[in-house]
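Per the UniProt record's numbering, residue 1 is the first one in the sequence shown, and the count goes up by one each step.
The beta carbon of each residue, even a glycine, is placed where N, CA and C say it ideally should be.
All values reported here derive from a predicted model rather than from experimental measurement.
What follows is a single structure, written as C-alpha cells, with notes after it.
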Amino acid sequence: MSVFMNLYHMYEEELYTNCHVLAQFYLSNPQLFQITQDVLFCVYIINANSLWEMKHYMESQRQYEAAMFVSIESQTNNYSVQDREIILGIFDNFTEVELKFRIAKCLIENHLYKEANSVLQSIPLKQRPAKVHDLICKVQQSDAGTDKSLIVAYKEILKKCPLAFECIDGLLALGVKGSEVNSLIINVCSKSPSFDWLNYYVRGLSEIYSRKYSEAIMSLASIDSMKSNSRILTLIGESFFFSGDYETAYNYYKKAYELYPFMKVGIQKYAMLCEMFKKTNELEHIIRTTSTNSNVYEYTNENWFVLATYLYSCGKFEKAQYFINRVILVHTHKNVDALILNAKILHCTKKSTEALISLRQALKYEPFRFEAHRWIIEILIATDRGRDAQNQASKSLKILGDYPRTLTLAASSYLKAPVNREKARTYLQKALELNEHYVKAIFFYGQMLIEDGDFKTATKLLEKSVAVVPNLKIVLMLADLYAKTKNLSSALEYYTKALNIDPSNRYALNGLMALGSVSSTNESGDLDTTLEDIEDETSKNKNTDESEELVWSDDQDIEIS
C-alpha cells in the first residue's frame, strides 16, 4: 500500500483523528515520504476534511487555504491505477470554487460572517453553484446583508432548484410578490400533478407576510393533500397566532408537534402558548423528548428557548435568564420571540428599564408584533408611567391599526386615571362595535359600568357574553354583580358555573361560602351586613389576583373569530 493510500484508507474508515496525526507527519517532511505536488494537495484536503469532522474549524480553514496554494501538476502516470483514480477524483471534487465554499463554511462556524461573505463574493457569479448562493443568503442574514443581494441570491437558487422551500420563504419574507415567486417554480407545478398544491402554499405564505391572516388560513387550509404535514399546520397556527386567536393557534401547533416532535419552525411559539395557557406538563414533555433523543451538544437555539420558557413558567427567573441570553447572543437571525421572553423575565426580576430596551429592540425587527407593543404598555402601566403608556398606545394604534385587541390595549392605558376614563370608554365601545364578543373589551367595559353604578347595562353586557363563551373572569364578574345587587339565586348560579370551569378557583369558593353565610343569617335580618362581607371578600380576592398579574393577563387571551 502506497504512502498516500495509507492515509486515504484511514479517511475512508472515518478514523479522522488518526488521519490528522498521519497527515501532520507527511506535511512536516514531504521529501522523506516522496510526496509529489499532486499528493500534497490531496493530503491537505484529507487533513482539512478530517479537522472539519473533528469540529476544529480554524485549523480546517488553514488546511483548505494551504491547498489553494499548491500548484497541481496533474502528472498521474507515475501512480498506480488505484492511486490515480482517487487523486483525479479529489482534483475534480475540490476545485477553487469548492475550496472557497469550504473556507467560508469554516469561517461561519467561527461566527466570522464578514470574512465568509468576502470569500464567497470572490467567486465569479457565473461559477457559483446553488449551494454558494444559499450560503451567501445565510451569511447576509447573519450579518445584516442588503435585501437586494439576498433577493438576487434566492432567485439564482430557485432557477436551479425550484423546490428550495427556504428560498421561497426567504423571497416572500423580503416582500417579493407571490406571483413572481410562482413564475420561478411554474415548471415544477405544471409538469408534476404531485405539486399542484404549491401555488396555494406560496399564496398562503405571501398572505402571512402581508398580514392578511384570514386569507392565509383559507389558502393553507385548502391544501387537502397536506393536512397531515407539520409545516402546513405550523403556518396555519402562525396565522392564528398573529391574528390574536391564541387558543386555536395552540391547537394547531400542538397537532404539528405531535406529528413531528423534532420540529424547529414553530416550536418557540408553541412553547409560548404552553406557558400562556399554563401547560407546564407539555413544556416538560418537549424538554424530555429532546433530551432523550438528542445529545446536549446538538441542542439548537429553539431547544434552549423552550427550556428558558419552562424555567420562566416555574418562576426560576435567574436560570431562565441564562438560557434566553444564550439564545439572543448566538442566534444567527433576529429572534423576536427570545427578546419578548427576555423582557418578561427582566420585568419579573424588577429590571423594567432593561425589559423595555429588549422590547424596543424586538420592534425594530418586527414593528407589527402585537406582543411587543402589549408588553411595553403593560410594563409602563405597572411601573406607574401612565402618560408614557398612553403615548405608546397612540403609537401602537398608528402602527397596528384599529382592531378589537389594539383598541382594548390602548384603553387599558387610560383606565387608572379618572380624568381619562371617557377616552378609555370610547376605545372600548369602538372595540365592541368591531367584535361584540371580544372578551377583554367586555371585561374592562364591564368594570367601568359597575364602577359607574350602571348595573343594568353591565348585567346585560356580561350575560350576553357568558351566553356565547363562558369565560371564567366574566362569569365571576357577573356573579359578583348579582351578589352586589342582592340577586342571590343568580349569584349562586354563576359562582357554581365558575366552579364548573375551574373547580379549584378560590374566588368562586369564597363567593359561595359568603352566600352560604347569607342563607344562614337571612332569617335573622342581617342580610345587608352579610352582603357587605361578600363584597369585602371578593374585593380582597380581586386585589390578590391583580397583584399576581398585569392588567392584560395571558389567561384572558380568548377571542371569537
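Please classify isoleucine 136: is it buried, with 16 or more other beta-carbons within 10 angstroms of its beta-carbon, or exposed?
buried
Is the region 185-200 in contact with the region 155-171, if contact means three or more CB pairs nearer than 8 Å?
yes
Identity of the residue in Glu366, Gly315, Ser243 nearest histidine 347 by Cα
Gly315
Taking all protein chains shown into account, decide if aspartate 38 is buried (16 or more other Cβ within 10 angstroms of its Cβ) or exposed.
buried
Considering only the alpha carbon of each residue, which of Arg326, Leu428, Lys254, Leu112 lies closest to serine 412?
Leu428
When DSSP labels each residue in this structure, what does glycine 386 get in the three-state scheme?
helix
Buried or exposed: where does glycine 401 fall if 16 or more other Cβ atoms within 10 Å of its Cβ makes it buried?
exposed
Proximity to glutamate 422 [Cα-Cα], best of Val439, Leu434, Tyr445, Asn435:
Tyr445
Once DSSP output is grouped into helix, strand and coil, what is the label at tyrosine 64?
helix
Helix, strand or coil: how does DSSP classify histidine 9 here?
helix
Can you check which of these residues, Lys212, Met263, Asn199, Leu512, is closest to serine 230 by C-alpha distance?
Met263
Suppose you measure from the CA of glutamine 141 to the CA of proline 418; what does that come to, to the nearest Å?
48 Å
Whole-Å CB distance - isoleucine 103 paired with glutamine 61, under 8 Å assumed:
5 Å
By Cβ distance, which residues of its chain are closer than 6 Å to leucine 107, with the 5 residues on each side in sequence left out?
Glu115, Ala116
Cutting at 7 Å between CB atoms, please list the residues of its own chain near serine 2, excluding the five before and the five after it.
Ser80, Asp83
Using a 10 Å radius around the Cβ and a threshold of 16 neighbouring Cβ atoms, would you call asparagine 93 buried or exposed?
exposed
Identify whether glutamine 361 lies in helix, strand or coil by the three-state DSSP scheme.
helix
Classify glutamate 207 as buried or exposed, calling it buried when 16 or more other Cβ atoms lie within 10 Å of its own Cβ.
buried
Rounded straight-line distance, which links the Cα of glutamine 390 to that of alanine 355:
18 Å
Can the beta-carbon of alanine 372 be found less than 9 Å from the beta-carbon of alanine 393?
no
Between the C-alpha atoms of glycine 525 and isoleucine 474, what's the straight-line distance to the nearest angstrom?
Below a pLDDT of 50, predicted positions are generally treated as unreliable, and glycine 525, at 49, falls in that range; the measurement from the model is reported next regardless. Whole-angstrom Cα-Cα distance: 31 Å.
Span separating the alpha-carbon of glutamate 166 from that of threonine 457:
53 Å
I think histidine 133 touches glutamate 156, with their Cβ atoms under 8 Å apart; what is that distance to the nearest whole Å?
5 Å
If we ignore side chains and look at the alpha-carbon of each, how far apart do phenylalanine 368 and lysine 395 end up?
11 Å
Member of Phe91, Ile86, Ser50, Leu51 whose CA lies at the smallest distance from the CA of valine 70
Phe91
When burial is assigned at 16 or more other CB atoms within 10 Å of the CB, is arginine 374 buried or exposed?
buried
Is the beta carbon of arginine 405 closer than 9 Å to that of alanine 431?
yes
Is it true that the CB of threonine 234 sits closer than 9 Å to the CB of glycine 266?
yes
Kindly indicate the opening and closing residues of the alpha helix (DSSP H) around histidine 20.
16-28
What does the alpha-carbon distance come out to for the pair threonine 529 and alanine 514?
In this prediction, threonine 529 scores a pLDDT of 48, lower than 50, which makes its location untrustworthy; no coordinate-derived value is stated.
Measuring alpha carbon to alpha carbon, tell me which residue in Ser50, Pro503, Lys227, Tyr252 is nearest leucine 7.
Ser50
May I have the straight-line CA-CA distance separating histidine 9 from lysine 100, to the nearest angstrom?
26 Å
Measuring only the C-alpha atoms, how far is valine 327 from alanine 483?
50 Å
Does DSSP put asparagine 435 in a helix, in a strand, or in coil?
coil
Identity of the residue in Ile46, Lys460, Lys416, Leu359 nearest glycine 89 by Cα:
Ile46
Which residues in the same chain have their Cβ closer than 8 Å to the Cβ of methionine 58, if we skip the five residues on either side of it in sequence?
Cys106, Asn110
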